[in-house]
Structure formats: structure tokens, C-alpha cells
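The sequence shown lines up with residues 34 to 503 when you count with this note's numbering.
Report on one structure; see the data block that follows.
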Amino acid sequence: MRNLDVIVLAAGRGTRMKSPLPKVLHAIAGRPLVYFPVKAALDLGARRVIVVVSPDAREEVVSALGRHLPNAPLGYAVQERALGTGDAAKVGLGQLTDAGQVLILYGDTPLLQASDLEPVLTPLDDRVKLSFLTFEATDPSGYGRVLRDAAGQARGIVEQRDLRTDAEHSITEVNAGIYAGDVDVLRTALSALVPQNAQGEYYLTDIVAEVTKQGVVGTASADPAALAGVNDRHQLAQAEGVLHARIRERWARAGVTIKGQPLIDDGVLIEADACIESSVRLRGTTRIGGQSLVDVGSVLEDARVGRGVVIKPYSIITQSRVADGAVLGPFCHLRPGSEILESAHVGNFVETKNATLGIGAKANHLAYLGDIDVGARTNIGAGAIVCNYDGYAKRRTRVGQDVFIGSDSQLVAPVVIGDGAYVGTGTTVTQDVPAGALAIGRVRQETRPDYATGLRERLRARAESEKKKD
Ligand code: UD1
Ligand code: CA
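Here's what the structure looks like:
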């Protein structure tokens, strides 16, 4: 850990997002926007990260960051009114009591990584009291422009709306929005700011001109691609595209086969030698074990998938566990609370919810398994339905080991079916079935020889006589 505190400014209104959700909470690769600059600061070794938030977004930001970064040394400061970035920085600084260096960054830059921040600290020494990152912009519009004197020393930053002379308009070196300096130097400079500019706001950028009054301000160059800010949904989509490409590269380098462009959230973990096919979406905290295959079009959210699992195309798995060697899909739907144990099979058009499928059990075709425990090696036939809901309450069904549930059966919950029992095809089970018993409940078949032939003749004769009448 370093003698370094970081302030992340995230209290802006974000009106260009056209959303009641605070800008910094918009999701990008499965995380809130503000997560990424905060994570970059933590990766840099910051001892504390203070996030400056607006009063209405405070609760949500605290809970979102607490969820995504549990146990991180985070603090919060509330900026009562959005009076500008200079005011926000001052509010953040109010939370810091220790001596040392402070890094200030903006909360709307999700592509930032620790390595992008490092250069801003390099210029600082006894002489250089403040430093900030700049880059050459092909299109500098919207950015603050960097003013330098004849000797090349940074003298100030002018915001777009406050540009005056032709010389100022022609500047292409812009402010990246990342600053570092000694806490006392920053405190003094921020308290001297005045809101005299086109927007009537306190500009953090004015600390540059302020500090040059007593010392030298250093700069370092930044990678413009890492600094892309998100102000609207188009920029959000573009930044997400970059993050997704990075995440694919991260897993491919870690030994995962990546086919085409699956979309993998930042919080997902995949073991080496797994294979993720194209058009797959892996969301939330999903984990995929080694040698497992997630085939085309599958969508997994907060799923725990073991090793050597085969998930055939277009399977949907939400908040469920799948143990080693299980085979799923195509087109299966595991809803929350499903637990598929080792080597079990769940086939096409099978829906499970709050269900456990024992080791080696099979439900291969067209079934609904809700609120049920199925024992090891039990076979659930095609079209079997668990009637777990009577319109008022859900009840649990228990099926033992080595049971055979015939096709098109209904298990009306709650029922218990003992080990080794056999339920005949088409049975509606409303009572418990003891171990080893056969349960069968269907109308007995009646077969009438030649009846169909006679019926056909009668019907044909009737149709012909009606035609003659017409
Ligand atoms: C800012 C810089 C500009 C720089 C650019 C880089 C200023 C005055 N301008 O402009 O020089 O080139 O970033 O992207 O700093 N915020 C608050 N409270 C406020 C206002 C803003 O917390 O009262 C936060 C916002 O949530 C946002 C960040 O500060 O995360 C930056 O604000 P924004 O309005 O986006 O600044 P830019 O116009 O992009
Ligand atoms: Ca911005």
C-alpha cells in the first residue's frame, strides 16, 4: 500500500444519459460505471478511495460498490449541490486527514486501469507540487485545453466554453482529467477557486493556474483510448465494446478457448481449458470449470458450473449449480435454485426451479421440475410435470433413487416416491408411492376389432348422400 489517497468524482447529474438512474450506476460489462475507476485506484495501491456522490445517489452507490468491492477501503463524501468539479474535489478532500499524496479522477471513465494512472505520480517531487495527465486530441472539442508558457511549462487549463484567443482555440493538447499532488497543496489551491467562468462553476482545472503561483506543475502524457469518458448511451455502448474485447482477451490468454465474440461480464471466472462459444452471454458472478463447454447462444447468470460439463446450445441458467460431468440442453431452462449433480442430464425443453437432480439422474425431454428433489440415477420421462403450485402455495416433492417416472406423468405436490419405485406412463400421482412399488392410474384401453374400418364406411356413405341432396 502507498501513502496515497484517491478521490473519485461521481456527483455530476449525468443528464445526457436521459435516465432516472444516476450515470455512475449504469451497468457496463456487468458492473456499475464507477466501479472501474475505483478499481483502478485500488489496484494502484491506494490506502483509501473516497467517492464523491450526490445526495440522491448516495445510498445506491454505497450499496453497489459495497457489493462489487467488498472489504475495499472505500469512503464516501456527499456533494450537496453540483457546483462543479472543483467543489466536488474539495468535498472529497474534506474526508482526508492524513498527510500524503492525493490522486483525483472522474467517475465516468470505465476504461481506466492502474497502469494508466501511474504516470501522473512520476513528475511529483520537491519542486513539482501538482501534476496532471494530458493527451493530443484529434478532436479537442469538449475538453479543457492546456496552456503552456514559452518555456513549455504548464500554466493553466481553459475549458472549451471559456476559450478566447485564436491561439487558445488552436490548442490540441487537452486535459485528461487525472491530477495528483500533495494533500496540503491541493487543499490550499482548492480553497482559492472562484466560480468565474462561462458555467459559473468551481472548476477543478483552475488549480493548475493556482499552483503555478507558488510552484511548478508537471504533466505526463496519457493514452487517449484509456480515458474515454461516458456522457451518453452511445459512449456507454462503445466503452462496453472495448471492455468486452479486453475480457475475451484476458480469458483467451488464461487458456480458455473463445470462439467468436461471446459477451462475458467482468465478474465472471473461467478455468483454463474451458470453451466458450459465440453468442454466449456469461453474466454476474458466473463460474465455469475447466474442460466445460458452453455452446452457442447460451445465457448464464450467477451460475456455478463445474468441470467437464457440456451445455448444449441455447440453454438458460440462472442462479443455479451444475456439478462436474453434467450434460445440459439444448434449449433447457434452469431457473433459480436448481442444483444438477454430477453426470446428471437435463435435455431439451426441460425447465427446473428450486430443484435438485441427483447424481446420474436424467430428465431428457420436455419436463417441468419445480420444488423437487430427485434421487440418483432416477429417470424422468418425456412430458412429466410436477404440479408444485395449487394456486396458493408451493409444495415440495421428493423422488428417491433409481425411480422410473413414466412419460406424461403428473406428480401433484406434495408427494413422496420411494427408492426404486415405478410410475406408469400417464399416471397422475396424488398419493405417496412406497419404495419398490408400481403406481399406475390411467383408463384401461379398450380395443374393438374392425371398428375403425366400419366407421370410415358409414361416414363416407353419409357424406355422399348429403352431396346428392345439394
Ligand atoms: C472535465 C474537465 C475537462 C477535461 C474533461 C476530461 C473540468 C471543469 N473540466 O470536463 O478539463 O478535459 O473532464 O474528460 O473539470 N462532477 C461532480 N460534481 C460536479 C460536477 C461534476 O462530482 O459538481 C463529476 C461528474 O460526475 C463526472 C466528473 O466530475 O464524473 C467530470 O464532470 P463532467 O461534467 O463530465 O466534466 P467534463 O465536462 O467532461
Ligand atoms: Ca465527462
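Note that beta-carbon positions come from the ideal geometry of N, C-alpha and C, so glycine has one too.
Given the structure is predicted, the values throughout are model-derived calculations rather than measurements.
Which residues in the same chain have their Cβ closer than 6 Å to the Cβ of residue i, if we skip the five residues on either side of it in sequence?
i: Ala261; result: Leu144 and Ala272
i: Ile297; result: Ile280 and Leu315
i: Val343; result: Leu326 and Val360
i: Glu243; result: Ala222 and Ala225
i: Arg354; result: Arg337 and Glu372
i: Thr385; result: Leu367, Ser371 and Leu402
i: Ile349; result: Val332 and His366
i: Gly362; result: Ile344, Lys345 and Ser348
i: Gln146; result: Ala73
i: Asp217; result: none
i: Ala400; result: Val383, Ile413 and Ala417
i: Val94; result: Val86
Only counting the same chain, and skipping five residues up and downstream in sequence, which positions put a Cβ closer than 7 Å to that of residue i?
i: Ala356; result: Gly339, Ile373, Leu374 and Glu375
i: Pro88; result: Val111 and Glu113
i: Gly474; result: Thr460 and Thr461
i: Thr118; result: Leu42, Tyr236 and Leu237
i: Arg181; result: Ala187 and Arg188
i: Val191; result: Gly177, Arg178, Leu180 and Glu201
i: Ala285; result: Ile291
i: Arg46; result: Ala115
On a Cα-Cα basis, can you pick out the residue from the options that is closest to residue i?
i: Glu201; options: Leu226, Ser174 and Val218; result: Ser174
i: Ile280; options: Asn36, Ile61 and Lys502; result: Ile61
i: Asp256; options: Val41, Ala132 and Ala209; result: Ala209
i: Thr48; options: Val67, Asn264, Val244 and Glu169; result: Asn264
i: Arg316; options: Gly293, Val329 and Gln352; result: Gln352
i: Gln193; options: Gln186, Gly185 and Ile204; result: Ile204
i: Gly451; options: Val462, Ala470 and Thr463; result: Ala470
i: Ala415; options: Thr389, Ile392, Asp435 and Val379; result: Val379
i: Pro152; options: Gly108, Pro103 and Gly214; result: Gly214
i: Ser371; options: Asp404, Ser96 and Ile392; result: Asp404
i: Glu310; options: Ser331, Ala396 and Asp299; result: Ser331
i: Ala388; options: Val249, Asn381, Pro363 and Arg428; result: Arg428
i: Arg266; options: Tyr484, Ser52 and Glu479; result: Ser52
i: Ala231; options: Gly140, Leu116, Phe69 and Gly293; result: Leu116
i: Gly127; options: Arg410, Arg220, Ala417 and Arg491; result: Arg220
i: Phe437; options: Asn412, Thr430 and Pro447; result: Asn412
i: His398; options: Gly108, Leu390, Asn381 and Arg489; result: Asn381
i: Ala305; options: Thr318, Arg283 and Gln146; result: Arg283
i: Ala253; options: Asp406, Leu129 and Tyr212; result: Tyr212
i: Val432; options: Val448, Gly439 and Ala417; result: Val448
i: Gly233; options: Asp195, Ala259 and Val207; result: Asp195
i: Val419; options: Ala394, Val445 and Asp406; result: Val445
i: Val301; options: Gly99, Asp335 and Thr198; result: Asp335
i: Pro369; options: Gly341, Ala417 and Thr319; result: Thr319
i: Ala472; options: Gly457, Pro295 and Thr486; result: Gly457
i: Leu107; options: Ala170, Glu479, Ile40 and Leu150; result: Ile40
i: Pro207; options: Thr198, Asp199 and Glu169; result: The sequence shown places Val at residue 207, rather than the Pro named in the question. Nearest option by C-alpha distance: Glu169.
Using a Cβ-Cβ cut-off of 8 Å (strictly less than) and excluding sequence neighbours within five positions of residue i, which residues of its own chain qualify?
i: Ala307; result: Val289, Thr290, Ile321, Gly322, Gly323, Gln324, Ser325, Leu326 and Val327
i: Leu269; result: Met50, His59, Ile61, Leu66 and Val263
i: Leu102; result: Tyr68, Val71, Lys72 and Leu75
i: Gln434; result: Gly391, Gly408, Ala409, Arg410, Thr411, Asp452 and Gly453
i: Arg91; result: Tyr109 and Val111
According to the neighbour-count rule (16 or more other Cβ atoms, all chains shown, within 10 Å of its Cβ), is residue i buried or exposed?
i: Asp38; result: buried
i: Asn36; result: exposed
i: Tyr425; result: exposed
i: Arg64; result: buried
i: Asn104; result: exposed
i: Ser467; result: First, the amino acid is wrong: residue 467 is Pro here, not Ser. It counts as exposed.
i: Asp172; result: exposed
i: Gln464; result: exposed
i: Lys502; result: exposed
i: Thr130; result: exposed
i: Lys500; result: exposed
i: Ala496; result: exposed
i: Ser442; result: buried
i: Lys246; result: exposed
i: Gly185; result: exposed
i: Tyr422; result: exposed
Less than 8 Å separating the Cβ of residue i from some heavy atom of ligand 3?
i: Gln112; result: As for ligand 3, it is missing from this structure, which binds only ligand 1 and ligand 2.
Checklist entry - Any chance the segment 51-66 sits against the segment 75-83, with 3 or more Cβ pairs inside 8 Å? => result Two segments are said to touch when three or more pairs of C-beta atoms, one from each, lie closer than 8 Å; by this definition the segment 51-66 does not touch the segment 75-83.
Item to check | Completely contained alpha helix (DSSP H) runs for the segment 169-223, where each covers 4 or more residues | outcome: If we require 4 residues or more, the alpha helix (DSSP H) runs fully inside the segment 169-223 come out as 199-202.
Checklist entry - Should the segment 153-167 be called in touch with the segment 276-295, which here means at least 3 C-beta pairs below 8 Å? => result Judged by Cβ distances under 8 Å, the segment 153-167 makes no contact with the segment 276-295, as fewer than three pairs qualify.
Next on the checklist: Quick check: the segment 70-77 against the segment 116-131, are at least 3 beta-carbon pairs closer than 8 Å?
Outcome noted: Flag = no, the segment 116-131 and the segment 70-77 do not touch.
Item to check | the segment 160-171 contacting the segment 232-252, beta-carbon criterion three pairs below 8 Å | outcome: Yes, the segment 160-171 is in contact with the segment 232-252.
Item to check | beta strand (DSSP E) runs wholly inside the segment 273-355, at least 3 long, in chain order | outcome: DSSP runs (the beta strand (DSSP E)) wholly in the segment 273-355: 314-316, 332-334 and 349-351.
Checklist entry - What are the complete beta strand (DSSP E) segments, minimum 3 residues, inside the segment 124-173? => result Here the runs fully enclosed are 134-139 and 161-169.
Item to check | Sequence ranges, beta strand (DSSP E) only - wholly within the segment 420-444, length at least 3 | outcome: Here the runs fully enclosed are 430-432.
Checklist entry - Enumerated in chain order, which unbroken segments of the alpha helix (DSSP H) with a length of 4 residues or greater are wholly contained in the segment 74-109? => result The segment 74-109 contains these whole alpha helix (DSSP H) runs: 91-101.
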